[in-house]
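Worksheet: the structure to be examined is printed underneath.
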Amino acid sequence: MLDDASANRRQVEPRVGQVILTLTTTDLEPSVQVRSLHRLSDPALSELGLDEFLDELLVRVHDALAVDTVAILLLDRESQELVARAAKGIEEEVERGVRIPIGKGFAGRIASEREAIFIADVDHADILNPILREKGISSLLGVPLIVEGDLIGVLHVGSLTPRAFGERDLAVLQVAAARAAPGIERARLFSAHEHEHDIAIALQRSLLPKGLTSVAGVTAAARYLPASDEVGGDWYDIFALERGRVGVAIGDVVGHGVGAAALMGQLRTALHAYALEGHGPGRTLELVDRFVQALPGFAMATAAYAVIDPGSRVFRVASAGHLPPLLFGGELDRIVEFPSSAPLGAFPYGSCPEHELILATGETVVLYTDGLVERPRTPLMTSIAQLLEDIRPASSPEDACQLAFERMVPLDAVRDDAAMIAIWIDEVPSELSMRLPAEPQVLAGARTAMRRWLRHHDVGDLTAADITLAVGEACTNAIEHAYSPGAAEFTLEASTDDGVVTIAVRDRGGWRAPRGLDRGRGLTIMRAVMDEVQINRNAGGTEIIMHRRWRA
Amino acid sequence: MASVTLADVQFIERGPALVARLTGEIDLSNSEALGTAITETTPKHMEAVILDLGGVDYLDSAGIRLIYRLREQLRGRGQILSLVIPADSPAYDALRFAGVDRHIDMAETTEQALSELDRTSAFGALDPGEGQL
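Residue numbers (my numbering), protein chains in the order written: chain A, 1 to 552; chain B, 1001 to 1133.
Right under this line is the structure:
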């Protein structure tokens, strides 16, 4: 039995009612309960997450000592406070997020002195945490949790009735603390790492574009796969530019974890913003490079950015130290090698050359990151050639992504994150036929499709602009008519025969007579630019048929 | 929602006139929002708005409606709408096809519009060189 008189005192002065204990004997009879504490260092338990591990510890200590309460407080290194993390019998500690400064009160003193403390009578002791009194705890015994000389927390037990914790009790608690502490630290590190990994993946995913297929004139597919242990900074992006052009970007930030994912977000945004300003691929990458140079601290990334014009089929690309694009489905499947600048952030005032090629019908361009091709003991160019070989049979951009990730990624251990984007220019049909929702937002896409179709048929630029204007007016008219209930649609058809373009726009709305000058202008414009305009109205809707000769 | 990436507007104060320079494509999806942006941005004390359509790639009857509506709204506030529409621009073609080009006063350049405003001067001496803010 221990009491004030028999306690083995050290130089440290205990506070009122506290007794600092040092164990003199470790003579424990091996009861079932004590053996269960010894097994706290069982490797199988290290598989548990922190919460599960602590719960296991609480139960075993509770049973071994037949106490009313058990609590575990862990050290928050930043604030130097003990934070209640798990408790049995005094769950309020955890629920209320009790924090005890090191050196203060019962648990705080155990932490600062790194010694066991016994409190025989809580009512007359220096206690900081009001919950201990509220619960009616009478006696307390606590020990520090130490791993390799570092304090990581405090484990304490309590009794609702006055109890003089003896040497055996202390020995049992010491064993529990010694056995559990390394497991707690391991589980804590594991949980923190898991948590960071989860955050990084969530961040990554939130930054990748959604709705790839919404860009008119092209079809694209993309994949992103985070590394199994640590997320990286890979990204891809695709967006509509003015005049129907499409921007496609891919990049890879040097580094891993949340930091890399956050930098990725910055670079992706910067590139997108500069691209929207209308800069070409080379200048866009140069500007992103200046942006990276201006960031504090180390930041480096590789990136490739391309602008595709579905009308002229021109693919213009620039690369800042990124892997070369792949091209397949045309006359010659190949790795598109061209001069690249240094990676973004590598050297001040780098200049980024552009490379241009024409995409044939059905030809697919593939941009990717090194996670998709890097293999141990395999030269990079060999793996890239292998990737090209693997995706060649693909019948679409989506198919190419599928093949690439099936064949290239060893799913059991993704060493680096991997991203890929595949894109082709949609084939221009000999006759255009579009069904569109009757909303003003579809007008720009309809004009883009129209311009492409006219260009494909070699209609001259000036005539094409006139016809596009008339089509814009006819579609606007259909949208303004759409006042029938439910989701209204209209159709746009274009064909050409013997040098004459025929346009048909049909809606299901009732015709509304032009009101005032405003409403008649569209019709005036259509009549001015087309050779012939017919308007047919009936109960089913309105149709506008227009003809224009573009070749004699 | 207006298609904000389809067109853009930049404002420059030139003395007692606000120059609104439009770029991109103007259609039913964004004409109303552009008109609102221009009237909201124009300070009460401005005597004129110079609408520069020289950088516009596409404009149809929705854009023409914007011009007329803007002129009405500014007139209601005692302000003048002056137009910059170069003869080789898509905007000019649309006005011509709609048959309204003869009814609208337009200048080839912003400088020309400024000096004409100066001449008809409801607003006294204007130094285009110094007026830029």
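Built from N, CA and C at the ideal position, the CB exists for glycine as well.
Check	Outcome
Any chain B beta carbon closer than 9 Å to T213/A	At T213/A the pLDDT is 47, less than 50, meaning the model places this residue with poor confidence and gives no usable figure here.
Option nearest V246/A by Cα separation, candidates A270/A, I184/A, R313/A	R313/A
Cα-Cα separation, Q1079/B to V1049/B	7 Å
Range covered by the beta strand (DSSP E) that runs through V1011/B	According to the sequence displayed, residue 1011/B carries Phe and not Val. 1007-1014 is the span of the beta strand (DSSP E), which, as asked, contains F1011/B.
V83/A - containing beta strand (DSSP E), residue span	81-88
Chain-ordered chain B contacts of I578/A [CB-CB under 7 Å]	Missing from the structure shown is residue 578/A; chain A here goes from 1 to 552 and no further.
When L344/A, G329/A, S340/A are compared against L287/A, the one with the closest alpha-carbon	L344/A
As assigned by DSSP and simplified to three states, the class of Y274/A	helix
Same chain only: Cβ atoms within 8 Å of S36/A, ignoring 5 sequence neighbours per side	R60, D63, A64
Alpha helix (DSSP H) runs wholly inside the stretch 92-155 of chain A, at least 4 long, in chain order	92-95, 105-113, 130-134
C-alpha gap between Y349/A and T1005/B, whole angstroms	30 Å
Under 9 Å (Cβ pairs) to chain A, residues found in the stretch 1087-1108 of chain B	P1090, D1093, A1094, R1096, F1097, A1098, G1099, V1100
Test: L469/A CB closer than 9 Å to a CB of chain B	yes
N477/A in three-state terms, based on DSSP	helix
Amino acids of chain A, ordered along the chain, whose beta-carbon sits closer than 8 Å to that of G1024/B	E242
C-beta atoms of A474/A and G522/A nearer than 9 Å	yes
Within chain A, partners of L1052/B - CB distance below 8 Å	The residue asked about is misnamed: residue 1052/B is Asp in this sequence, not Leu. By Cβ distance, chain A contributes nothing, its closest Cβ being about 18 Å from D1052/B, past 8 Å.
Backbone CA spacing between K1044/B and H272/A [nearest angstrom]	36 Å
For T468/A and V442/A, the rounded distance between their alpha carbons	14 Å
Three-state secondary structure assigned by DSSP to V12/A	Low confidence applies to V12/A: its pLDDT is 47, below 50, so where it sits in the model is not reliable enough to give any reading.
Touch test, the stretch 249-265 of chain A against the stretch 429-444 of chain A, Cβ-Cβ under 8 Å, three pairs minimum	no
Span of the beta strand (DSSP E) around D63/A	No beta strand (DSSP E) contains D63/A, which is instead part of the alpha helix (DSSP H) from 50-65.
Chain B within 9 Å of P393/A, Cβ atoms only	no
Nearest-angstrom beta carbon gap, A394/A and L403/A [assumed within contact, 8 Å]	5 Å
Among T524/A, E56/A, A227/A, the one whose alpha carbon lies nearest that of A470/A	T524/A
C-alpha distance - I110/A paired with D417/A, whole-angstrom precision	45 Å
Under 9 Å between C-beta atoms of H322/A and I250/A	yes
Reference I1067/B, options G1015/B, L1028/B, I1012/B, closest by Cα	L1028/B
7 Å CB neighbourhood of T284/A in its chain, flanking five on each side removed	L271, Y274, A275, Y305
Alpha-carbon spacing of A294/A relative to A342/A, whole angstroms	16 Å
Span of the alpha helix (DSSP H), counted from its first residue to its last, around G1097/B	Before going on, a small fix: residue 1097/B reads as Phe here, not Gly. Here the alpha helix (DSSP H) through F1097/B covers 1090-1097.
Proximal residues, the stretch 1056-1084 of chain B versus chain A, C-beta separation under 8 Å	D1057, Y1058, D1060, S1061, A1062, I1064, R1065, Y1068
DSSP-derived helix/strand/coil call for Q534/A	strand
Per-residue DSSP class, three states only, for R407/A	helix
The stretch 347-367 of chain A contacting the stretch 451-466 of chain A, beta-carbon criterion three pairs below 8 Å	no
Residue nearest to D1118/B in terms of C-alpha spacing, selected from P1090/B, S1082/B, I1038/B, Y1092/B	S1082/B
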